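These notes are about the structure you will find just below.
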Amino acid sequence: MQVIKPIFNALSRPQLLEGCLGANTQNSNESLNQLVWKVCPKVSGCGPLITQIAAHDAAMIFNDGQMSRLKVLRRLGIKPGANAVSAHFKAYLSRIKQSEKRFKNNTVEARTAKRRERLRKVMANKKKEGVVYGSGLLE
564 MQVIKPIFNA
574 LSRPQLLEGC
584 LGANTQNSNE
594 SLNQLVWKVC
604 PKVSGCGPLI
614 TQIAAHDAAM
624 IFNDGQMSRL
634 KVLRRLGIKP
644 GANAVSAHFK
654 AYLSRIKQSE
664 KRFKNNTVEA
674 RTAKRRERLR
684 KVMANKKKEG
694 VVYGSGLLE
């Protein structure tokens, strides 16, 4: 117990926990790994060079988005075709749309949770106090 107590105290510091309030926290390393394995699946048996290229590509996408691939092509002196530009732009717009949808869903969920909490309090007060007003109560 004495061994894990300092770790527990460090992880439960208010400053650390406040950083998680209202945020959609996700381990960024897991997101980066997911991108690597999407490009180079573990089951495909890629060699070390392909895996290294996939890791670089994933880091680039993770940091700067899909459009960064086009920048690399241009730096290599390759002019990306119209289809490549269009596909990357669609992927970029899709990511933005998905992000906005997630944000909207989170705000809808927050409003629903607030409404549920408010209703719970009203029901608790009714149960505690009984019916205070209503038709026919004063007769």
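Counting in the numbering used here, the final residue of the sequence shown is number 702, and the numbers go up one at a time with none missing. Backbone N, C-alpha and C define an ideal beta-carbon position, used for all residues, glycine too. No experiment lies behind these values; they were computed from the predicted model shown.
Which of the three DSSP states, helix, strand or coil, is assigned to Gln629? coil
Simplified DSSP assignment, three categories, for Pro569: Reduced to three states, the DSSP call for Pro569 is helix.
Terminal residues of the continuous alpha helix (DSSP H) containing Leu639? Counting along the chain, Leu639 falls outside any alpha helix (DSSP H), and DSSP gives it neither H nor E.
Same chain, Cβ closer than 7 Å to Leu636, five either side skipped, listed in chain order: Pro643
Let me know the secondary structure DSSP gives Ser649 once reduced to three states. helix
Would you check if the segment 597 to 608 and the segment 620 to 633 touch, i.e. whether three or more CB-CB distances between them fall below 8 Å? yes
Kindly indicate which residue of Asn572, Ile641, Gly628 and Lys605 has the alpha-carbon position closest to the one of Arg658. Gly628
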